[in-house]
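Engineer: Okay, so the sequence shown: first residue is 9 according to the numbering used here, each after it adds one.
Don't be surprised by glycine CBs; every beta carbon is placed ideally from N, CA and C.
Here's a structure for you.
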Amino acid sequence: MTFILYGDQWETVDRAIKLAILPRKPGDANRSPQGNALARICEEYLARHVTDG
9 MTFILYGDQW ETVDRAIKLA ILPRKPGDAN RSPQGNALAR ICEEYLARHV TDG
């Protein structure tokens with residue numbers, strides 16, 4: 009996926025990715041630390057902001 013970020017979005021996303029990058033877990037098919045970080049950020053966001061309904 010490609011994302012276009014504007015203004016402060018770049019700094020926010022870049023900082024979040026740097027904080028979320030973790031060593032790859034054994035068996036994790038995705039070798040991209042940035043992709044794994046983005047997935048983790050999305051999971052946390054969804055857990056906090058999306059309600060069932």
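1) Three-state secondary structure (DSSP) at G15?
2) When you compare only the Cα positions, how much space is there between G35 and P41?
3) So R48 and A28 are in contact, right, with Cβ under 8 Å, and what is the actual spacing, rounded?
4) For G35, name the three-state secondary structure that DSSP assigns.
5) Take the Cβ of N44 as the centre, count every other Cβ of all protein chains shown within 10 Å, and call the residue buried at 16 or more, exposed below.
Structural biologist: Considering the structure as presented:
1) coil
2) 14 Å
3) 5 Å
4) coil
5) buried
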